[in-house]
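Chemist: Quick one: the structure is below, questions incoming.
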Amino acid sequence: MITMNAFTREPESLIRAELVAVERVLRSGHYVLGPEVKAFEQAFGRTCGVPHVVGVGNGMDAIEIGLRALGIGRGDEVITTPMTAFATTLAILRAGATPVFADIDRETALLDPSSVARCISARTRAIVLVHLYGQVREMDRFRALCDGHGIALVEDCAQAHLASVGGVPAGAFGALGAYSFYPTKNLGAIGDGGAIVTRDAAHAERARRLRNYGQSARYHHPELGMNSRLDELQAAILLERLAYLAEQTARRRAIASMYRGALRNPRIRLMSAPVTDESHVHHLFVVCTEARDQLGAHLASRGIESLSHYPVPVHHQPPCREFPTATDGLRNAEAHARECLSIPCHPHLTDDEVTEVIDALDAFSGV
Ligand SMILES: *Cc1c(COP(=O)(O)O)cnc(C)c1O
């Protein structure tokens, strides 16, 4: 079976380092927001090119806390994409704001800047830009759009660890970035984890309060926060795995090049090629076909797992049907939801396995 992820194939050297780290935490007597979290926050800040990192419970909370740290909440509109994990929208709702869905670009599945521009109203306070599948694109346009309207750019970086454009890493373009360390992400923990990254000391300080009941000094609560803290065990594991991330990202890029170079089946459409190697970290490798379900079944019959990201756009989920959308509709998001299929692209795939996937895709006849 060729699976979407293969966590048990981590290199033996990494597993040994992780076991040492686990024992260190266990014997330290510190379990939540201690020295391991501090060390990971510093190391991840260097990776992301930002001075401030705030470790939190998960990626969804990172977005909610990020928005709340910017003072965004009830009565405010936040523009985002309907082609994302449900958590992106749920975080906007949990912050108290109203999500507004703009359409995506057909070739990249990322938010279309002109559709976003048409969604801006007097109540818009932020754009939550999702670096879907690991791609960072058109940051100059989004930054100019936000600056021009005085609204905040918030990056959902849950799929984009180590992606960068012009030397600027994901999360460092706007007011702040939100990362997830859910196990399937390019940098994953052995449980839940997340982080807010920012260049702004005041935003970071407010996020630190919000993750811990809104507490400023012990037993003093100037505002109502949450309980969303990163624990020592996850931070210690993440610190070890961070050392392997560049190498594993290079492997993802090599696999994606093999797919792009070899796929010739006219029934299968590839997404746009990345503008530069650094701008895409291939969290997912997505192909499109009108016969998506048949392609998934064809791959399964050859022992190859595939998944769809995402088969139901967020504006079609029952709790989200009434929220404002682009006035000219969300046709590209709806078409993409019908056609997209993610094929295995994790860093532990062997060349033989990649070839097997390519052969299976080439043999697909559409029925
Ligand atoms: C995974 C993911 C999230 C949510 O992260 P969790 O850690 O699972 O809460 C948010 N946005 C995107 C794009 C994701 O892929």
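Its first residue numbered 345, the sequence shown is counted upward by one per residue in our numbering. Note that the Cβ used here is the ideal one computed from N, Cα and C, for glycine as well.
On the DSSP bridge list, what partners appear for H760?
Modeler: This structure gives no information on residue 760, because the portion of the chain shown stretches from 345 to 711.
Chemist: Thinking C-alpha only, which one of S357, G710 and L614 is nearest R450?
Modeler: Looking up residue 450 in the sequence shown gives position 106. It is L614.
Chemist: My understanding is that G558 touches E549, with C-beta atoms under 8 Å, so please give their C-beta distance in whole angstroms.
Modeler: Here the question's residue 558 lines up with position 214 in the sequence shown. Here the question's residue 549 lines up with position 205 in the sequence shown. G558 to E549, Cβ: 12 Å. No contact.
Chemist: Contact defined as beta carbons within less than 8 Å: I believe A470 pairs with E499. What is the distance between those atoms, to the nearest angstrom?
Modeler: Your numbering for residue 470 matches position 126 in the sequence shown. Your numbering for residue 499 matches position 155 in the sequence shown. Not confirmed; about 11 Å, so no contact.
Chemist: So, using beta-carbon positions, are R712 and M570 closer together than 8 Å?
Modeler: What is shown of the chain runs 345 to 711, which leaves residue 712 out entirely.
Chemist: Mind checking whether A539 and V397 have CB atoms under 8 Å apart?
Modeler: For this step, residue 539 is matched to residue 195 along the sequence shown. For this step, residue 397 is matched to residue 53 along the sequence shown. Going by C-beta atoms, A539 is nearer than 8 Å to V397.
Chemist: Quick check: does the Cβ of D420 come within less than 7 Å of any heavy atom belonging to ligand 1?
Modeler: As a first step, residue 420 must be located in the sequence shown, where it is residue number 76. Not under cutoff, so the answer is no.
Chemist: Please report the distance separating the alpha-carbon of G440 from that of L705.
Modeler: On the sequence shown, residue 440 is found 96 positions in, with the first residue counted as 1. On the sequence shown, residue 705 is found 361 positions in, with the first residue counted as 1. C-alpha separation (whole angstroms): 44 Å.
Chemist: Hey, could you find the ends of the alpha helix (DSSP H) F388 is sitting in?
Modeler: As a first step, residue 388 must be located in the sequence shown, where it is residue number 44. That run of the alpha helix (DSSP H) goes P379 to C392.
Chemist: Who pairs with Y523 in a beta bridge, going by DSSP?
Modeler: Your numbering for residue 523 matches position 179 in the sequence shown. The partner list for Y523 (beta bridge, DSSP) reads A539.
Chemist: Apply the 10 Å Cβ neighbour rule to L506 and answer buried if 16 or more other Cβ atoms are within range, or exposed otherwise.
Modeler: Along the sequence shown, one-based indexing puts residue 506 at 162. Counting Cβ neighbours within 10 Å, L506 comes out buried, since at least 16 surround it.
Chemist: Please classify D500: does DSSP put it in a helix, a strand, or coil?
Modeler: Here residue 500 is taken as the residue at index 156 of the sequence shown, counted from 1. Note: D500 maps to strand in three-state DSSP.
Chemist: Please work out which residues of its chain come closer than 6 Å, Cβ to Cβ, to I436, disregarding the five sequence neighbours upstream and downstream, and give them in chain order.
Modeler: Looking up residue 436 in the sequence shown gives position 92. Closer than 6 Å at the Cβ level, and outside the excluded window around I436, lie V422 and P443.
Chemist: I'd like the list of long-range same chain contacts for A496, defined as Cβ closer than 6 Å, with 5 residues on each side in sequence excluded.
Modeler: The residue you call residue 496 lines up with position 152 of the sequence shown. Cβ neighbours of A496 beyond the five flanking positions: L414, A470 and A519.
Chemist: Ligand 1 and D713: does the residue's C-beta get closer than 7 Å to at least one heavy atom of that ligand?
Modeler: What is shown of the chain runs 345 to 711, which leaves residue 713 out entirely.
Chemist: Any chance the CB of D703 is under 7 Å from a heavy atom of ligand 1?
Modeler: As a working mapping, residue 703 is identified with position 359 in the sequence shown. Result no, Cβ not under 7 Å from ligand 1.
Chemist: Would you tell me roughly how many angstroms separate the C-alpha atoms of M348 and D491, rounded to the nearest one?
Modeler: Indexing the sequence shown from 1 puts residue 348 at position 4. Indexing the sequence shown from 1 puts residue 491 at position 147. Cα to Cα, M348 sits roughly 39 Å from D491.
Chemist: List the endpoints of the continuous alpha helix (DSSP H) containing A641.
Modeler: On the sequence shown, residue 641 is found 297 positions in, with the first residue counted as 1. A641 -> alpha helix (DSSP H) spans R636 to S645.
Chemist: What is the rounded straight-line gap between the Cα of S372 and the Cα of N530?
Modeler: As a position in the sequence shown, residue 372 is number 28, starting the count at 1. As a position in the sequence shown, residue 530 is number 186, starting the count at 1. Rounded to the nearest angstrom, the two C-alpha atoms are 28 Å apart.
Chemist: Determine the contact status of P691 and V701, defining contact as a CB-CB distance below 8 Å.
Modeler: Position 347 of the sequence shown, counting from 1, holds the residue named residue 691. Position 357 of the sequence shown, counting from 1, holds the residue named residue 701. Not in contact: P691 and V701 (Cβ atoms no closer than 8 Å).
Chemist: Please tell me whether V625 and L685 are closer than 8 Å, where the distance is taken between their beta carbons.
Modeler: On the sequence shown, position 281 is the one that residue 625 refers to. On the sequence shown, position 341 is the one that residue 685 refers to. For V625 and L685, no; Cβs fall outside 8 Å.
Chemist: Considering only the beta carbon of each residue, do A681 and P662 sit closer than 8 Å?
Modeler: If you number the sequence shown from 1, residue 681 lands on position 337. If you number the sequence shown from 1, residue 662 lands on position 318. Contact flag unset, no.
Chemist: Between the C-alpha atoms of A587 and T391, what's the straight-line distance to the nearest angstrom?
Modeler: Start at 1 with the first residue of the sequence shown, and residue 587 comes out as number 243. Start at 1 with the first residue of the sequence shown, and residue 391 comes out as number 47. Near 10 Å, if we compare the C-alpha coordinates of T391 and A587.
Chemist: Who pairs with S686 in a beta bridge, going by DSSP?
Modeler: Within the sequence shown, numbered from 1, the residue matching residue 686 stands at position 342. Answer by DSSP bridge pairing, in chain order: V630 and L651.
Chemist: With respect to 7 Å, is the separation between the Cβ of N733 and the closest non-hydrogen atom of ligand 1 below this value?
Modeler: Lying before the first or after the last residue shown, residue 733 is absent from the chain, which here runs from 345 to 711.
Chemist: In angstroms with no decimal places, state the Cα-to-Cα distance between G419 and S465.
Modeler: The residue labelled residue 419 in the question sits at position 75 within the sequence shown. The residue labelled residue 465 in the question sits at position 121 within the sequence shown. Near 12 Å, if we compare the C-alpha coordinates of S465 and G419.
Chemist: Note down, in chain order, each residue of its chain lying with its Cβ closer than 7 Å to the Cβ of D536, except the 5 sequence neighbours on either side.
Modeler: Walking along the sequence shown from the start, residue 536 turns up at place 192. Counting only Cβ-Cβ distances below 7 Å, and skipping sequence neighbours, we find G401, N402 and Y526.
Chemist: From which residue to which residue does the beta strand (DSSP E) around T442 run?
Modeler: On the sequence shown, position 98 is the one that residue 442 refers to. Per DSSP, T442 belongs to the beta strand (DSSP E) from T442 to F445.
Chemist: Mind pulling the alpha helix (DSSP H) runs of 4 or more residues that sit fully within the segment 522-596?
Modeler: Whole alpha helix (DSSP H) segments, 4+ residues: 545-554.
Chemist: Classify P457 as helix, strand or coil using the three-state DSSP reduction.
Modeler: The residue given as residue 457 occupies position 113 in the sequence shown. In this structure, P457 counts as helix in the three-state DSSP scheme.
Chemist: Give me, in chain order, the residues of the same chain whose beta-carbon lies closer than 8 Å to that of A383; leave out the 5 immediate sequence neighbours on both sides.
Modeler: Locating residue 383 in the sequence shown gives position 39, where the first residue counts as 1. Hits under 8 Å: A579 and L583.
Chemist: Along the chain, where does the beta strand (DSSP E) that runs through A406 open and close?
Modeler: Numbered from 1 along the sequence shown, position 62 holds the residue referred to as residue 406. Segment G403 to A413 is the alpha helix (DSSP H) holding A406; no beta strand (DSSP E) there.
Chemist: Does the beta-carbon distance from E683 to R636 come in below 8 Å?
Modeler: Position 339 of the sequence shown, counted from the start, is the residue given in the question as residue 683. Position 292 of the sequence shown, counted from the start, is the residue given in the question as residue 636. For E683 and R636, yes; Cβs fall inside 8 Å.
Chemist: Can you name, in chain order, every residue of its own chain whose Cβ lies under 7 Å from the Cβ of E591, other than the five neighbours on each side?
Modeler: Stepping through the sequence shown from its first residue, residue 591 is reached at position 247. Correct list: empty, nothing qualifies.
Chemist: Report whether the distance from the Cβ of G538 to the nearest heavy atom of ligand 1 is below 7 Å.
Modeler: Residue 538 sits at position 194 when you count from the first residue of the sequence shown. Answer for G538: yes, Cβ within range of ligand 1.
Chemist: Sort out for me which residues DSSP pairs G399 with in a bridge.
Modeler: Within the sequence shown, numbered from 1, the residue matching residue 399 stands at position 55. Beta-bridge pairing links G399 to A539.
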